[in-house]
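One point on numbering: in the UniProt record's numbering, the residue at position 114 of the sequence shown is 114, and numbering is uninterrupted.
Notes follow once the structure below has been shown.
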Amino acid sequence: MERFLTSRGPSRVGGWSSIFKRFLQSNGFEGQVQLQHHFFTSKVAPKHKQIPVLFIHGLLASGRTYRSFVKRKDFVPEREVYTIDLRNHGESPHAQRMDIRTLASDVLAFLDGQGLKQISLIGHSLGGKVAMVLALEFPERVKDLVVLDMPPGKTAGKMRNVYSAIQAMYNVDFHGLGDQRDVERVLEMNGIEDRRLRMFLLTNLTGAKDDTDDKKLSWKVNIQSIRDSVDQLQSFPEYVLPSNGRTLGRNRCGAVLLNSLSRS
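What follows is the structure, given as structure tokens:
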């Protein structure tokens, strides 16, 4: 695990920022996207100013995943809470490029845009990978890190299962489909037998009634780019530049919790 959790590059934000720019420019990076977000104020007056929390969702999810949780009456954090939509998800813009470092760069730009110098990160699944890369490459920006259902390193096994769902969504022909039930039926025909999974995938369905035609149904996620990026999304960067910085596992960015949700 330490092989992947050790950042051997520059420990200053400025150093990594320049490396990020060179890396992205050399690979034809099309630019960062402005992530859509939701902001929730603290429900109680904190005794001391607390660092905000940022939730980063998993693949095929969105920031809305956490809205019902954050709005629960028994969820009373003494801090501000942000949820975001990663690129190609939710209400955020679509873009062709989609790899872990690019997603992390989008999140960093979001933090800069909101004036958030430091954050407590909670990342689930793909969001966990993004959170780990952000903590490794910009440790000064991450006070605490919680990663759910995502180990560091390559995750080919997990992505094989997810790829079936991605392919099923990609193969949906919306022509002639009028409502969610029609789309669910096609997903089942495309191999998604678990109804709970079908209902989760259908949270990405969008469409409006047209006066002259059927509902113009489509996927809210950029299923083409997600499908084309499976190999990049199942990978995890390795860091080989020399540094005297502490590792993530040695509290370089503060407290770290890795949690496996094998039954989720």
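Positions of the beta carbon are idealized from the N, C-alpha and C atoms, including for glycine.
Only a predicted model underlies this, so the values are computations on that prediction, with no experimental measurement involved.
9 Å Cβ cutoff met for residue i and residue j
{"i": "Gly128", "j": "Gly63", "result": "no"}
{"i": "Gln32", "j": "Ser105", "result": "yes"}
{"i": "Ala95", "j": "Asn222", "result": "yes"}
{"i": "Leu136", "j": "Leu103", "result": "no"}
{"i": "Pro52", "j": "Arg72", "result": "no"}
Length of the line joining the Cα atoms of residue i and residue j
{"i": "Arg67", "j": "Thr206", "result": "18 Å"}
{"i": "Pro139", "j": "Leu121", "result": "11 Å"}
{"i": "Ser92", "j": "His38", "result": "12 Å"}
{"i": "Ser218", "j": "Asn190", "result": "16 Å"}
{"i": "Phe55", "j": "Asp173", "result": "33 Å"}
{"i": "Arg87", "j": "Ile192", "result": "25 Å"}
{"i": "Val162", "j": "Val70", "result": "26 Å"}
{"i": "Asp194", "j": "Gln180", "result": "16 Å"}
{"i": "Pro77", "j": "Arg160", "result": "36 Å"}
{"i": "Met199", "j": "Gly153", "result": "29 Å"}
{"i": "Val147", "j": "Phe75", "result": "19 Å"}
For residue i, the nearest candidate out of the options (CA to CA)
{"i": "Leu116", "options": "Lys220, Val162, Glu137 and Lys143", "result": "Lys143"}
{"i": "Thr41", "options": "Tyr82, Gln34 and Val33", "result": "Tyr82"}
{"i": "Met169", "options": "Val147, Ile226, Gln96 and Asp179", "result": "Ile226"}
{"i": "Ser235", "options": "Leu60, Asn204, Val130 and Asp149", "result": "Val130"}
{"i": "Leu145", "options": "Asn161, His175, Thr155 and His124", "result": "His124"}
{"i": "Met132", "options": "Leu108, Gln114 and Asp112", "result": "Leu108"}
{"i": "Leu233", "options": "Gly90, Val53, Leu177 and Arg97", "result": "Arg97"}
{"i": "Pro151", "options": "Leu202, Leu201, Pro237 and Gly90", "result": "Pro237"}
{"i": "Asp231", "options": "Ile51, Leu111 and Thr155", "result": "Thr155"}
{"i": "Ser229", "options": "Gln50, Leu60 and Lys49", "result": "Leu60"}
{"i": "residue 324", "options": "Gln50, Val183, Leu197 and Lys216", "result": "Not covered by the structure: residue 324. The range shown for the chain is 1 to 264."}
Cβ distance (whole Å) where residue i is taken to contact residue j below 8 Å
{"i": "Ile84", "j": "Leu35", "result": "5 Å"}
{"i": "Leu202", "j": "Glu188", "result": "Not really, about 11 Å apart at Cβ, beyond 8 Å."}
Residue ranges of each beta strand (DSSP E) run of no fewer than 3 residues wholly in the segment 79 to 150, ordered along the chain? Qualifying beta strand (DSSP E) stretches, in chain order: 81 to 84, 119 to 124 and 142 to 148.
What are the start and end residues of each continuous alpha helix (DSSP H) run of 4 or more residues lying completely inside the segment 173 to 240, in chain order? For the alpha helix (DSSP H) assignment, the uninterrupted runs of no fewer than 4 residues enclosed by the segment 173 to 240 are, from N- to C-terminal side, 180 to 189, 195 to 202, 223 to 228 and 230 to 233.
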